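Report on the following structure.
Residue numbers (the working numbering): 124 to 450.
Laid out in structure tokens, this is it:
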């Protein structure tokens, strides 16, 4: 008797390839009977892998701020509906959702901080500079501000700061000036109009490894969706969501995200938080987690060849300490 496939064959999955799936499952280490959280369901690829690994009695809470992604995942994972709950929420709201469900501390949490293939390949969502679409970039369509609002209303100084701080774009000043100059003639409404303005500032050359608009679009996406704010909120005390021995795996895709994850993990794993000048510890802090990845893991060359979007991924993982010294 053949096993029921976790992902419905009626739903095309070629355009959604979960990043570092084998490494995610290995470090998350799902077991039957466990409770797991996929805080960024996207197309459901990682969720399916977790459900398969924790079968037959494991369960998964899937969160995503994109209702369309949840609808797709719900169809794809219909065979596991009895072991899965999908909720329209940001991963920064995980504690609230878990409390509402009464699930308590969990055995594993996964966050994939990249944006979904479902989003970038849908021109109507406005994430891609390669396809003409509205200048939107909202992961959650209920959010009030879109990318066009920022591009057409922010001052030159504000745009420069967004492009430099969130996109690490060295030509941030020149791009901001060009955007302000162009919008005075006509407001930006499409992705390609903005991309063309950026290309006029930074001429594309054969030596360029990425499109000139890549970092500016990244910066706008982060700003529109307040991505770093949500990461900081989750990382404030995210370890508390894990039961002792539970694991957390986070995939980051640029240095801003990865720096926040690395610093939080180091903070959680610290043995003491006293200032360096204090010789005798008096903070009462004890390690909350054990770091499983001393350095970030990267996708293999073979995976990057199969899935170029995995190129910039880096994986970090921790395990909740079984015992903590009482404060």
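Note that CB positions come from ideal geometry on N, CA and C, so glycine has one too.
Quick caveat: nothing in here was measured; it's all calculated off a predicted structure.
- Query: Using DSSP with H/G/I as helix, E/B as strand and the rest coil, what is residue 368?
  - Reply: strand
- Query: Going straight from the alpha carbon of residue 390 to that of residue 359, what length do you get?
  - Reply: 10 Å
- For residue 252, the three-state DSSP class (helix, strand or coil): coil
- Any idea what DSSP makes of residue 374, helix, strand or coil? strand
- Message: Using 8 Å for Cβ pairs, my map puts residue 302 next to residue 274. What's the rounded Cβ distance?
- Response: 6 Å
- Item | Residue environment, residue 289, which counts as buried when at least 16 other CB atoms sit within 10 Å | buried
- Message: Runs of 4 residues minimum, wholly inside the segment 319-393: which ones carry the alpha helix (DSSP H) assignment?
- Response: 337-348, 350-360, 378-392
- Message: According to DSSP, is residue 261 part of a helix, a strand, or is it coil?
- Response: coil
- Message: Quick check: the Cα distance between residue 321 and residue 267, rounded to an integer number of angstroms?
- Response: 25 Å
- Item | Closest residue to residue 283 among 418, 401, 429, 342 (Cα-Cα distance) | 342
- For residue 386, which of 417, 219, 366, 404 has the nearest alpha-carbon? 417
- Is residue 226 near residue 200, with beta carbons less than 8 Å apart? no
- Message: Just to confirm my understanding: we take residue 312, look at its own chain, exclude 5 residues before and 5 after, and list those with CB closer than 8 Å. What are they?
- Response: 257, 258, 271
- Query: Around the C-beta of residue 169, are 16 or more other C-beta atoms found within 10 angstroms, so that it is buried, or is it exposed?
  - Reply: buried
- Query: Around the Cβ of residue 264, are there at least 16 other Cβ atoms within 10 angstroms (buried) or fewer (exposed)?
  - Reply: exposed
- Task: Check the C-beta distance from residue 440 over to residue 371 and give it rounded, since I have them as a contact under 8 Å.
- Result: 7 Å
- Message: Run through the DSSP bridge pairs and tell me what residue 158 is partnered with.
- Response: 182
- For residue 414, which beta-bridge partners are listed by DSSP? 441
- Tell whether a beta-carbon distance below 8 Å holds between residue 210 and residue 195. no
- Task: Let me know the secondary structure DSSP gives residue 125 once reduced to three states.
- Result: Any reading at residue 125 must be qualified, since the residue scores a pLDDT of 42, below 50, and its modelled position is unreliable; no value is offered.
- Compare the beta carbon distance of residue 163 and residue 235 with 8 Å and say whether it is the shorter of the two. yes
- Query: Using a threshold of 7 Å, is the CB atom of residue 173 nearer than that to any non-hydrogen atom of the ligand FAD?
  - Reply: Within the structure as shown, the ligand FAD is missing, as the structure has no ligands at all.
- Message: With DSSP as the reference, identify every bridge partner of residue 207, one or two as the case may be.
- Response: 183
- Message: Distance check for residue 395 and residue 167, CA to CA, integer angstroms please.
- Response: 39 Å
- Message: For residue 281, count the other beta carbons within 10 Å of its own beta carbon; 16 or more makes it buried, fewer makes it exposed. Which is it?
- Response: exposed
- Query: With distances taken from CA atoms, which of 204, 141, 198, 233 is nearest residue 153?
  - Reply: 233
- What are the start and end residues of the alpha helix (DSSP H) that includes residue 290? 279-290
- Hey, quick one: how far does the beta strand (DSSP E) through residue 407 stretch, first residue to last? Premise fails: residue 407 is in no beta strand (DSSP E) and is neither H nor E.
- Host alpha helix (DSSP H) of residue 168 (start-end): 168-176
- Query: Between 248, 161, 249, which lies nearest to residue 208 when the distance is taken from Cα to Cα?
  - Reply: 161
- Query: What is the DSSP secondary structure of residue 241, reduced to helix, strand or coil?
  - Reply: helix
- Message: Here's a check: name, in chain order, each residue in its chain whose Cβ is nearer than 7 Å to the Cβ of residue 445, leaving out the five neighbours to either side.
- Response: 367, 368
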